[in-house]
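Visitor: Please read through the structure below; I'll follow up with questions.
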Amino acid sequence: MVVEEESLEKLEVTSGVPQGLVLGPCLFLYYINDIAVEGLSSTVRLFADDTMIYTTIRKDSDAEALQKDLDSLCEWEAKWMLEFHPDKCEILTITRKKSPVIYSYRIHGQQLKHSDQVKYLGDNISSDMRWNKHINTVTAKANCRLGFVKRNININSRAVVEQAYKSLVRPILECSRTVWDPYM
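Residue numbers (the numbering used here): 292 to 475.
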């Protein structure tokens, strides 16, 4: 390839999809669509490049089955030349039991960290399924935006201020609200 009289060497691409194209996300989804391979006992959820795997753990054998599924996903990633990053993976145990099943899950031999809460698709999910942290985070962010609107929209037109509120503040408050307040 020659660009502005500069020659570039050819480079073989063995995996991945082109960046910056409208087609890129579609190709990526097509590329990873078989990640939930048959034979997994757990449920796998995909959203863009986020992957979540979950199941109900009632006894040690359930935890071992989840680890087996994680191992199967590692085999899948090796086959397709992709890579899960254990540092970005977290274990969230959602329970009210006083003594839940504790298991040390691993990816690539690295133990995954247990968390009391995780952020998934913009929502803070806690181990006790309370939404206090999520709601506090959302309201703080909305208040910052509201302060921005108050400081920077110095127009006496109620319609303009209302439009700024509806486009800058309200979407933050309403994002994923059906999860934490389905009756709103």
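All residues carry an ideal CB built from backbone N, CA and C; glycine is no exception.
These numbers were taken from a predicted model, which means no experiment stands behind them.
Let's test the definition: count the other Cβ atoms within 10 Å of the Cβ of residue 429 and tell me whether it reaches 16, buried, or not, exposed.
Guide: buried
Visitor: In three-state DSSP terms, what is residue 434?
Guide: helix
Visitor: Going by Cα to Cα distance, which pick from 312, 447, 365 and 357 is closest to residue 382?
Guide: 357
Visitor: For residue 408, which residues of its own chain have a beta-carbon under 8 Å away from its beta-carbon, when the five flanking residues on both sides are left out?
Guide: 383, 415, 416, 417, 418 and 424
Visitor: So the alpha helix (DSSP H) residue 370 belongs to, where does it begin and stop?
Guide: 351 to 370
Visitor: Going along the chain, which residues of its own chain have a beta-carbon closer than 7 Å to the beta-carbon of residue 401, five neighbours each way excluded?
Guide: 377
Visitor: Taking the alpha helix (DSSP H) that residue 321 falls in, what are its first and last residues?
Guide: 314 to 323
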